[in-house]
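Visitor: Chains as they are written, first to last, in my numbering: chain H, 16 to 359; chain P, 16 to 359. Cβ coordinates follow ideal geometry from the N, Cα and C atoms, glycine included.
There are 2 protein chains.
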Amino acid sequence: MTATLNERKKQILKAVVVNYIVTAEPVGSRTVSRSHRMDLSSATIRNEMADLEDLGYLIQPHTSAGRIPTQLGYRYYVDNLMDLDDLSSDDELVISSSLSVEKMREIEQIINNSARVLSSATNQTSLIMGPQFQKSAFHHLRILPLDEKRSLVVLITDTGFIKNKVIEMQQQLSQHELQQVVNYLNQKLYGLTIDQVTTSLINELKRDLFRRLEILEQAFILLEESLKEEKQIRVFLGGTTNILNQPEFKDVDKIRRMLNLFEQEPLLFKILEDTSSEDDIVVKIGAENEHEDIHECTLITGTYKIHDKTSGTVGVLGPTRMDYSHVISVMRRMVNYLNQSLGS
Amino acid sequence: MTATLNERKKQILKAVVVNYIVTAEPVGSRTVSRSHRMDLSSATIRNEMADLEDLGYLIQPHTSAGRIPTQLGYRYYVDNLMDLDDLSSDDELVISSSLSVEKMREIEQIINNSARVLSSATNQTSLIMGPQFQKSAFHHLRILPLDEKRSLVVLITDTGFIKNKVIEMQQQLSQHELQQVVNYLNQKLYGLTIDQVTTSLINELKRDLFRRLEILEQAFILLEESLKEEKQIRVFLGGTTNILNQPEFKDVDKIRRMLNLFEQEPLLFKILEDTSSEDDIVVKIGAENEHEDIHECTLITGTYKIHDKTSGTVGVLGPTRMDYSHVISVMRRMVNYLNQSLGS
DNA sequence: TTTAGCACTCCAAGCTTAAGAGTGCTAAAG
DNA sequence: CTTTAGCACTCTTAAGCTTGGAGTGCTAAA
Numbered sequence: 016m017t018a019t020l021n022e023r024k025k026q027i028l029k030a031v032v033v034n035y036i037v038t039a040e041p042v043g044s045r046t047v048s049r050s051h052r053m054d055l056s057s058a059t060i061r062n063e064m065a066d067l068e069d070l071g072y073l074i075q076p077h078t079s080a081g082r083i084p085t086q087l088g089y090r091y092y093v094d095n096l097m098d099l100d101d102l103s104s105d106d107e108l109v110i111s112s113s114l115s116v117e118k119m120r121e122i123e124q125i126i127n128n129s130a131r132v133l134s135s136a137t138n139q140t141s142l143i144m145g146p147q148f149q150k151s152a153f154h155h156l157r158i159l160p161l162d163e164k165r166s167l168v169v170l171i172t173d174t175g176f177i178k179n180k181v182i183e184m185q186q187q188l189s190q191h192e193l194q195q196v197v198n199y200l201n202q203k204l205y206g207l208t209i210d211q212v213t214t215s216l217i218n219e220l221k222r223d224l225f226r227r228l229e230i231l232e233q234a235f236i237l238l239e240e241s242l243k244e245e246k247q248i249r250v251f252l253g254g255t256t257n258i259l260n261q262p263e264f265k266d267v268d269k270i271r272r273m274l275n276l277f278e279q280e281p282l283l284f285k286i287l288e289d290t291s292s293e294d295d296i297v298v299k300i301g302a303e304n305e306h307e308d309i310h311e312c313t314l315i316t317g318t319y320k321i322h323d324k325t326s327g328t329v330g331v332l333g334p335t336r337m338d339y340s341h342v343i344s345v346m347r348r349m350v351n352y353l354n355q356s357l358g359s
Numbered sequence: 016m017t018a019t020l021n022e023r024k025k026q027i028l029k030a031v032v033v034n035y036i037v038t039a040e041p042v043g044s045r046t047v048s049r050s051h052r053m054d055l056s057s058a059t060i061r062n063e064m065a066d067l068e069d070l071g072y073l074i075q076p077h078t079s080a081g082r083i084p085t086q087l088g089y090r091y092y093v094d095n096l097m098d099l100d101d102l103s104s105d106d107e108l109v110i111s112s113s114l115s116v117e118k119m120r121e122i123e124q125i126i127n128n129s130a131r132v133l134s135s136a137t138n139q140t141s142l143i144m145g146p147q148f149q150k151s152a153f154h155h156l157r158i159l160p161l162d163e164k165r166s167l168v169v170l171i172t173d174t175g176f177i178k179n180k181v182i183e184m185q186q187q188l189s190q191h192e193l194q195q196v197v198n199y200l201n202q203k204l205y206g207l208t209i210d211q212v213t214t215s216l217i218n219e220l221k222r223d224l225f226r227r228l229e230i231l232e233q234a235f236i237l238l239e240e241s242l243k244e245e246k247q248i249r250v251f252l253g254g255t256t257n258i259l260n261q262p263e264f265k266d267v268d269k270i271r272r273m274l275n276l277f278e279q280e281p282l283l284f285k286i287l288e289d290t291s292s293e294d295d296i297v298v299k300i301g302a303e304n305e306h307e308d309i310h311e312c313t314l315i316t317g318t319y320k321i322h323d324k325t326s327g328t329v330g331v332l333g334p335t336r337m338d339y340s341h342v343i344s345v346m347r348r349m350v351n352y353l354n355q356s357l358g359s
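Okay, structure coming up:
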């Protein structure tokens, strides 16, 4: 199908897409013939555009309107026609300055901030999936008694994650008893990924441990709880109100559906996850996305790494009429930034 | 002003408010005369309504439309006319079941969940201000070394808050050295509220400590950081999309302004803070709110306590046309619940 | 003091109209 | 064979107009 487009058709398709991205209005033949250095009359362009419509790249909202790109048209544009955007020094400035103003230490902070920057640099909504804690390997566990009843459990992974949780224990445990349990667990769990530390494994260990010292129901509950809580990965959003600026969302009902979607973290997670496992940047246009509520949207995603492990996904979501080249450039930069600042 | 309303006017005002809350349409004299057991003709009602308009309790959107309550009208209704709502067993069920399904341990979880429940029980947007950590008193500090470079700092307050933070230290400190610092700090800071632990106090301690043992720049940075981070209180939102269901927000521009507001935590904090310091439930109608963007909204707030200290604020935000009695009832229940589950 | 009746006002919804943008087709020109 | 000019036609959008209904205020009678 790609082969069937001659140079002139490509130029015209590109002109329509570029123009439509900017104006959000159907593009007429006259506009194309005048504005894009094409030494052809509008009539000729009209003929070509009619062809492009037959081929499925363009569509008319109604007879006697200009054309707008179809999903296929965008796809062709992204794959074959798009010029990559050099970030303007303005954007460059905005991005790098807002990212580096403060040294941020906490992962959550970094990601939250990134989401904000990404959305404001693209004028779209951004989604960032937090690091996938589950893929990290268990390194060791420590327990710090706080007072008679409470202890702080600290879980450390090979990628440098540190999760901690306060737990309460009905039964008092001596420092020594605690230490025994902790040592046992460290020995058994070392090197497993968090995913692999299943409830059944924990139950097994529990049985095992009961045989030897018969105290520690509570110590296990804590472990189970710490893990369970981390099962659901957090998705950070930025600029959710940006979609309201897009003319394609002037309908309250569409807005509601989108915002509703944004409130459902598991769904967002699924949407992002569907795209991942690629190395570079992925562009999913319209119905290429699984989820029905974003069939009129484009999702552009990239993945970042922590310690060379694929770790999380960054996404920008907006209407299919999106400034692809710009968003892709910003995304590149963002992924780089995350790789750097989370990598260490 | 209150005294000037005779019984009949009160009944009519009440009827208009109640009706308008349900229908969101201007209420005509005929509607009032028929529906609310008033044995008066519409003409009589008309006269009374004209009076109520002169007094500032009602207003006509245009000549020859029914009346709708003014801000003053709502105020009078809330202060003098409102029947308190017995929660229907349905609501009762929804609320108590969704709150008690799981034992939640983390404060953040409890609050987040509460926000969700509150918004769905009221069909409005809910805001909950997290506990004001700053008002708690410092109890003690502990440090748990994790590996050569990192330590976990744990801060415990008298109200049972436990904050922890991982810090990195360039310089290695021996367990002994660390312990010395920690002991010193615990002694000096004990009993102060977190608010009182200012940067200047820290600097003072720092100087003091330097004189005796000259190591611990890092140890202080950590303390400063832990505290700074907690300065901004988190506001939890629930049901932000509920405002989209209200007919008064069918305008995209209004929606944008509201959602924008919701994205700015410091503003929300300020809005909630303005209402607090009361013991019971506070109703702020329309322009009674400071912030201009919610001049067409009503904010109903309550405060909850942890360990008998006033601790945070719960709010429901919606258009001035709001089911006051229902929201207030739900709010009561919510505050009770929070007092119970955070109190221990 | 209350009520019935009536003229009047105003909005909302539907319809009509005119302007403008853009097309498809045809026939002529290159 | 390709390109272009010209023209009739289509469709949308905005503005103006019409109409029905809801609700009022006023007056006069009960």
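Within 9 Å (strictly less), CB to CB, does residue 195 of chain H reach chain P?
Guide: For the purposes of this step, residue 195 of chain H is taken as residue 180 along the first sequence, with counting starting at 1. False, the Cβ-Cβ gap to chain P never drops below 9 Å.
Visitor: Taking DSSP as the reference, what is the three-state secondary structure of residue 356 of chain H?
Guide: Within the first sequence, residue 356 of chain H is the residue found at index 341, counting from 1. Helix, per DSSP.
Visitor: Closest by CA to residue 261 of chain H, which one among H:324, H:88, H:333 and H:170?
Guide: The residue given as residue 261 of chain H occupies position 246 in the first sequence. For residue 261 of chain H, the nearest C-alpha among the options comes from H:333.
Visitor: Return the CA-CA distance between residue 229 of chain P and residue 255 of chain H, expressed in angstroms with no decimal places.
Guide: Residue numbering aside, residue 229 of chain P sits at position 214 when the second sequence is read from its first letter. Residue numbering aside, residue 255 of chain H sits at position 240 when the first sequence is read from its first letter. Low local confidence applies: a pLDDT of 45 at residue 229 of chain P is under 50, so the model's placement there is unreliable, with the coordinate-based value given in what follows. For residue 229 of chain P and residue 255 of chain H, the distance between alpha carbons rounds to 49 Å.
Visitor: From residue 75 of chain P to residue 43 of chain P, what distance separates their C-alpha atoms?
Guide: Your numbering for residue 75 of chain P matches position 60 in the second sequence. Your numbering for residue 43 of chain P matches position 28 in the second sequence. Roughly 10 Å separates the two Cα atoms.
Visitor: My assumption, with CB atoms under 8 Å, is that residue 212 of chain H sits in contact with residue 153 of chain H. Please give the rounded CB distance.
Guide: Numbered from its first residue, the first sequence carries residue 212 of chain H at position 197. Numbered from its first residue, the first sequence carries residue 153 of chain H at position 138. The pair is a contact, with the Cβ atoms about 6 Å apart (cut-off 8 Å).
Visitor: Let me see if you follow: with CB-CB separation under 9 Å, is residue 229 of chain P close to chain H or not?
Guide: Here residue 229 of chain P refers to the residue found at position 214 of the second sequence. Since pLDDT at residue 229 of chain P reaches only 45, below the 50 mark, its modelled position is unreliable, and no value is offered.
Visitor: Specify the secondary structure class of residue 23 of chain P as computed by DSSP and reduced to three states.
Guide: As a first step, residue 23 of chain P must be located in the second sequence, where it is residue number 8. Of the three classes helix, strand and coil, the one that applies to residue 23 of chain P here is helix, per DSSP.
Visitor: With a threshold of 16 other CB atoms inside 10 Å of the CB of residue 259 of chain H, please say whether the residue is buried or exposed.
Guide: For the purposes of this step, residue 259 of chain H is taken as the residue at position 244 of the first sequence. Residue environment: residue 259 of chain H is assigned as buried (16 or more neighbouring CB atoms within 10 Å of its CB, all protein chains considered).
Visitor: How about residue 157 of chain H: is its C-beta nearer than 9 Å to some C-beta of chain P?
Guide: Position 142 of the first sequence, counted from the start, is the residue given in the question as residue 157 of chain H. For residue 157 of chain H, the answer is yes, since a Cβ of chain P falls inside 9 Å of its Cβ.
Visitor: Figure out for me which residue from H:318, H:172, H:164 and H:177 has the closest Cα to the Cα of residue 166 of chain P.
Guide: Residue mapping note: residue 166 of chain P aligns to position 151 of the second sequence, counting from 1. Nearest C-alpha to residue 166 of chain P: H:177.
Visitor: Determine whether the beta carbon atoms of residue 40 of chain H and residue 81 of chain H lie at a separation below 9 Å.
Guide: Here residue 40 of chain H refers to the residue found at position 25 of the first sequence. Here residue 81 of chain H refers to the residue found at position 66 of the first sequence. Yes, the pair counts as a contact, with Cβ atoms nearer than the cut-off.
Visitor: What three-state label does DSSP hand residue 334 of chain H in the structure shown?
Guide: To locate residue 334 of chain H, count along the first sequence from 1; it is residue 319. In the structure shown, residue 334 of chain H sits in a strand (DSSP, three-state: E or B).
Visitor: Tell me the rounded alpha-carbon separation between residue 138 of chain P and residue 275 of chain H.
Guide: Position 123 of the second sequence, counting from 1, holds the residue named residue 138 of chain P. Position 260 of the first sequence, counting from 1, holds the residue named residue 275 of chain H. Computed Cα separation, rounded: 14 Å.
Visitor: Let me make sure I understand the geometry here. Which of P:64, P:309 and P:37 has the alpha-carbon closest to that of residue 45 of chain P?
Guide: Against the second sequence, residue 45 of chain P aligns to sequence position 30. Here the closest residue by C-alpha is P:64.
Visitor: If you measure from the beta carbon of residue 283 of chain H to each beta carbon in chain P, is any gap under 9 Å?
Guide: As a working mapping, residue 283 of chain H is identified with position 268 in the first sequence. Cβ-Cβ to chain P under 9 Å: no for residue 283 of chain H.
Visitor: Inspect the CB distances between the region 66–75 of chain P and the region 270–287 of chain P and report whether three or more fall short of 8 Å.
Guide: no
Visitor: Could you tell me the alpha carbon to alpha carbon distance between residue 346 of chain H and residue 288 of chain P, rounded to whole angstroms?
Guide: In the first sequence, counting from the first residue as 1, residue 346 of chain H sits at position 331. In the second sequence, counting from the first residue as 1, residue 288 of chain P sits at position 273. Each residue's alpha carbon lies about 38 Å from the other.
Visitor: Under 7 Å, CB to CB, which of the residues in the region 263–277 of chain P have a partner in chain H?
Guide: Taking 7 Å as the upper bound on Cβ-Cβ separation, chain H lies near residues 265, 267, 270, 271, 274 and 275 of the region 263–277 of chain P.
Visitor: Counting only beta-carbon separations shorter than 9 Å, does residue 162 of chain P have a partner in chain H?
Guide: Taking the second sequence and counting its residues from 1, the one referred to as residue 162 of chain P is at position 147. Answer yes: the Cβ-Cβ gap between residue 162 of chain P and chain H drops below 9 Å somewhere.
Visitor: Using beta carbons (cut-off 9 Å, strictly below), is residue 179 of chain P in contact with chain H?
Guide: Stepping through the second sequence from its first residue, residue 179 of chain P is reached at position 164. Flagged as an interface residue toward chain H: residue 179 of chain P, by a C-beta distance shorter than 9 Å.
Visitor: Check whether chain H comes within 9 Å of residue 128 of chain P, counting only Cβ atoms and requiring the distance to be less than that.
Guide: Counting from 1 along the second sequence, the entry for residue 128 of chain P is found at position 113. Closer than 9 Å: no.
Visitor: Taking 9 Å as the threshold (beta carbon to beta carbon), is residue 171 of chain P in contact with chain H?
Guide: As a working mapping, residue 171 of chain P is identified with position 156 in the second sequence. It does: the Cβ of residue 171 of chain P has a partner Cβ on chain H nearer than 9 Å.
Visitor: CA-CA distance, residue 194 of chain H and residue 358 of chain H?
Guide: Start at 1 with the first residue of the first sequence, and residue 194 of chain H comes out as number 179. Start at 1 with the first residue of the first sequence, and residue 358 of chain H comes out as number 343. So the two alpha carbons sit approximately 32 Å from each other.
Visitor: At the 9 Å Cβ level, is residue 198 of chain P part of the contact set with chain H, yes or no?
Guide: Taking the second sequence and counting its residues from 1, one reaches residue 198 of chain P at position 183. No, no contact with chain H.
Visitor: Per DSSP, which residues does residue 140 of chain P bridge with? Please list them.
Guide: To locate residue 140 of chain P, count along the second sequence from 1; it is residue 125. Beta-bridge pairing links residue 140 of chain P to P:332.
Visitor: Hey, out of H:308, H:216, H:25 and H:323, whose CA is closest to residue 269 of chain H's CA?
Guide: As a first step, residue 269 of chain H must be located in the first sequence, where it is residue number 254. Per the Cα distances, H:308.
Visitor: Kindly give me the distance between the Cβ atoms of residue 315 of chain H and residue 296 of chain H, rounded to whole angstroms, as I take these residues to be in contact under 8 Å.
Guide: Here residue 315 of chain H refers to the residue found at position 300 when the first sequence is read from its first residue. Here residue 296 of chain H refers to the residue found at position 281 when the first sequence is read from its first residue. Residue 315 of chain H to residue 296 of chain H, Cβ: 7 Å. Contact.
Visitor: With a threshold of 9 Å between beta carbons, is residue 357 of chain P in contact with chain H?
Guide: Residue numbering aside, residue 357 of chain P sits at position 342 when the second sequence is read from its first letter. With 9 Å as the cut-off, residue 357 of chain P does not count as an interface residue toward chain H.
Visitor: Thinking C-alpha only, which one of H:330, H:208 and H:218 is nearest residue 324 of chain H?
Guide: Here residue 324 of chain H refers to the residue found at position 309 of the first sequence. Ranking H:330, H:208 and H:218 by Cα distance to residue 324 of chain H puts H:208 first.
Visitor: If we cut at 9 Å on Cβ distances, does residue 306 of chain H have a partner in chain P?
Guide: As a first step, residue 306 of chain H must be located in the first sequence, where it is residue number 291. Taking Cβ atoms only, chain P never reaches closer than 9 Å to residue 306 of chain H, which makes this a no.
Visitor: Helix, strand or coil: which one does DSSP assign to residue 221 of chain H?
Guide: As a first step, residue 221 of chain H must be located in the first sequence, where it is residue number 206. If DSSP states are grouped into helix, strand and coil, residue 221 of chain H belongs with the helices.
Visitor: Can you tell me whether residue 58 of chain P is buried or exposed? The criterion is at least 16 other CB atoms within 10 Å of its CB, across all chains shown.
Guide: By one-based count along the second sequence, residue 58 of chain P stands at place 43. Flag for residue 58 of chain P reads exposed.
Visitor: In angstroms with no decimal places, state the Cα-to-Cα distance between residue 109 of chain P and residue 189 of chain H.
Guide: On the second sequence, residue 109 of chain P is found 94 positions in, with the first residue counted as 1. On the first sequence, residue 189 of chain H is found 174 positions in, with the first residue counted as 1. Answer to the nearest angstrom: the Cα atoms are 43 Å apart.
Visitor: I need the straight-line Cα distance from residue 336 of chain H to residue 103 of chain P, nearest angstrom please.
Guide: Residue mapping note: residue 336 of chain H aligns to position 321 of the first sequence, counting from 1. Residue mapping note: residue 103 of chain P aligns to position 88 of the second sequence, counting from 1. Looking at the two C-alpha atoms, the distance is approximately 48 Å.
Visitor: What residues of chain H sit near residue 19 of chain P, judged by a beta carbon separation below 9 Å?
Guide: Mapped onto the second sequence, residue 19 of chain P falls at position 4. Those do not exist, as residue 19 of chain P stays about 41 Å from chain H at its closest Cβ, beyond 9 Å.
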